[in-house]
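Peer 1:
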Amino acid sequence: MSSKILLIEDEPMLCEMIKDYLTEQGYEVVSSDNYDDGLSLAYEGKFDIFIFDVKIIGGNGFELLSNLRSSGVDTPSIFITSLNDISDLAKGFKSGCDDYIKKPFELAELHLRVDNILKRKFSHSSSDSYVEISPNIKFDIIQKKLIKDNKIVQIAKKEADLLVLLLKNRGKILSRDEIYMNLWDYGQIPSELSLRVYIRNLRKIIGEERIISHPKIGYEYV
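Anchor point for the sequence shown: position 69 equals 69 in full-length UniProt numbering, and the numbering is continuous, going up by one each time.
1) Looking only at its chain, what residues have a beta carbon closer than 7 Å to the beta carbon of Gly26, apart from the 5 residues adjacent to it on each side?
2) Check Phe93 in the structure and name its three-state DSSP category.
3) Helix, strand or coil for Tyr27 per DSSP?
4) Should Thr23 go down as buried or exposed, given a rule of 16 or more other Cβ atoms within 10 Å for buried?
5) Within 8 Å, do at least three Cβ pairs link the segment 4-24 to the segment 98-116?
6) Identify the residues that DSSP records as bridge partners of Asp140: which are they?
7) Here's the rule I'm using: 16 or more other beta-carbon atoms within 10 Å means buried, otherwise exposed. How should Met181 be labelled?
8) Where does Ser40 fall in DSSP's three states?
9) Output the distance between the C-alpha atoms of Leu7 and Asn116, rounded to the nearest integer angstrom.
10) Once DSSP output is grouped into helix, strand and coil, what is the label at Ser191?
11) When you compare the CB positions of Val54 and Thr81, do they come within less than 7 Å of one another, or not?
12) Between which two residues does the beta strand (DSSP E) harbouring Gly218 extend?
13) May I ask you to report which of helix, strand or coil DSSP gives Asp20?
14) Is it true that the CB of Ile57 sits closer than 7 Å to the CB of Asp99?
15) DSSP three-state call for Ser32: helix, strand or coil?
16) When the Cα of Ser70 is compared with those of Lys204, Phe139 and Cys97, which residue comes out closest?
17) Suppose you measure from the CA of Leu183 to the CA of Glu220; what does that come to, to the nearest Å?
18) Hey, would you say Gly218 sits closer than 7 Å to Ser175, going by beta carbons?
19) Assign Leu193 to one of two classes, buried (16 or more other C-beta atoms within 10 Å of its C-beta) or exposed (fewer than that).
20) State the DSSP-derived secondary structure class of Tyr186, mapped to helix, strand or coil.
21) State the DSSP-derived secondary structure class of Phe62, mapped to helix, strand or coil.
22) Kindly indicate which three-state DSSP category Leu202 falls into: helix, strand or coil?
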């Protein structure tokens, strides 16, 4: 099931661009341009993440999130802000936001921030941190420990990060670019050869059939 996003942005073109892009990445996006609709949608729907512009019709994103937090809504949130809003960021974090992104921004950067927050939520929302891969193999998604036949199997950090990403997106084809954004830090140069090695090493442990290659596209955990 795809993650569901509530987007509140009053610039029609930007709102449409963000919605179309995130939809293409596999998310379900519900959007509005004003405070009142945003409040109603947030209360009535179940969302995995909020994306709120700071300046919206009928109010602002800070007040919107603050009201939701005071009502017990703890959905992770990202603020979209112009450069002139940076002095108000302290107010934004006090209202309960998890991250922010400054205008103008690349849609791929917003996607990365959304994915990172959802990945943290995926890890911490599980009452049992172990995911069963097969009867004799399980993976601790918090400690990032792979257990096979009741013994810890040592894997590289990026292999563990890759396994978390694959498990989170089970049944979804992850493009190489998506994997690169999640595995390699800013300033690092992604390596297709290294990625292939990580895939090969994981397959040796969890089974060849678990990770499907989609030529010229990416990989899928099934």
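Glycine included, C-beta positions come from ideal geometry on N, C-alpha and C.
Peer 2: So, from the data block:
1) Ser2 and Lys172
2) helix
3) coil
4) exposed
5) yes
6) Tyr130 and Lys145
7) buried
8) helix
9) 17 Å
10) coil
11) yes
12) Gly218 to Tyr221
13) helix
14) no
15) strand
16) Cys97
17) 16 Å
18) yes
19) exposed
20) coil
21) helix
22) helix
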